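Residues in the sequence shown are numbered consecutively from 0, following numbering that gives the first Met the number 0.
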Amino acid sequence: MQKISKVAWSHDDIHDEIIKNKYTIQIIQNDIDVIKNNHLKHIEDDMKSVHKKVDKLDEKIDKKIDKMDSRLWWIIGILIAATLVPMIKDSL
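Here it is, written out as structure tokens:
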């Protein structure tokens, strides 16, 4: 881009500079449109995919925790039974 000097610009120079600026603005607007409509759409799609994967992992983890929880209750029940059976047997 030309630097503005103290010398007065001619009408043609100003007109040429305006045309260059309009062209540059149009390029920038097109780039913004590409970013908005293309790149951001891909990022949004990727985020949706990640959310789905996280939701599936959450469900899988919840199932594993529930399974472990039920196993722990069985172990506690067996321990209590193993403790109470001899006590009841001795009291009879």
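From the three backbone atoms N, C-alpha and C, an ideal C-beta is built for every residue, glycine too.
Note that the structure is predicted; figures quoted are calculated from it, not measured.
#### Entry: Rounded separation between proline 85 and leucine 78 - CA only
Start at 1 with the first residue of the sequence shown, and residue 85 comes out as number 86. Start at 1 with the first residue of the sequence shown, and residue 78 comes out as number 79. Cα to Cα, proline 85 sits roughly 12 Å from leucine 78.
### Query
serine 48 lies in the alpha helix (DSSP H); which residues open and close that run?
For the purposes of this step, residue 48 is taken as residue 49 along the sequence shown, with counting starting at 1. Where serine 48 is concerned, the enclosing alpha helix (DSSP H) stretches over 39-90.
### First through last residue of the alpha helix (DSSP H) which encompasses lysine 19
Within the sequence shown, residue 19 is the residue found at index 20, counting from 1. Note, lysine 19: alpha helix (DSSP H), 10-33.
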